[in-house]
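Residue numbers (this note's numbering): 36 to 165.
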């Protein structure tokens with residue numbers, strides 16, 4: 036056993052007495068920083084500021100379109116002649132004419148705007164067609 040304990044002591048002593056150079060420490064820090072970035076962007080879900088801005092803008096546009104569509108459908112259903120208009124709307128078979136019908140009715144024009152957004156009109160016509 037004295038051979039094993041002396042080899043353990045030798046490894047422990049070598050480890051404790053090891054003095055890495057400054058160059059080795061700098062390179063270890065550089066490699067660690069690069070590995071952290073690679074792992075973060077590949078598997079960690081990190082994105083750049085411009086990517087997050089584009090994603091947020093797209094999500095905002097989608098949310099506005101969904102809200103405008105819901106308001107349009109609500110306005111359509113709140114009209115005094117909604118049932119007759121719905122029958123008239125569903126009689127139209129072409130999609131572009133359905134969009135023109137919704138646009139002409141003014142249900143898709145949001146407050147403060149003079150004309151409706153084309154995506155809102157499309158979403159409203161799709162929701163009413165169901």
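C-beta: ideal position from N, C-alpha, C; glycine also.
Residue nearest to residue i in terms of C-alpha spacing, selected from the options
i, options, result
"residue 165", "131, 153, 124, 155", "124"
"residue 129", "161, 55, 61, 60", "161"
"residue 114", "93, 85, 126, 140", "140"
"residue 120", "67, 104, 106, 137", "137"
Beta-carbon proximity check, residue i vs residue j, cutoff 8 Å
i, j, result
"residue 156", "residue 134", "yes"
"residue 154", "residue 100", "yes"
"residue 103", "residue 63", "no"
"residue 106", "residue 72", "no"
Distance, residue j Cα to residue i Cα
i, j, result
"residue 51", "residue 90", "51 Å"
"residue 60", "residue 67", "11 Å"
"residue 36", "residue 53", "Reliability of the predicted coordinates at residue 36 is poor, the pLDDT of 49 falling under 50, and the value obtained from them is presented with this limitation in mind. Rounded to whole angstroms, residue 36 to residue 53 spans 26 Å at the Cα level."
"residue 74", "residue 92", "26 Å"
"residue 98", "residue 158", "12 Å"
"residue 88", "residue 76", "16 Å"
"residue 84", "residue 47", "47 Å"
"residue 112", "residue 163", "9 Å"
Could you pull out every unbroken alpha helix (DSSP H) segment of at least 4 residues lying fully inside the region 46-115, listed in chain order? 57-77, 84-113
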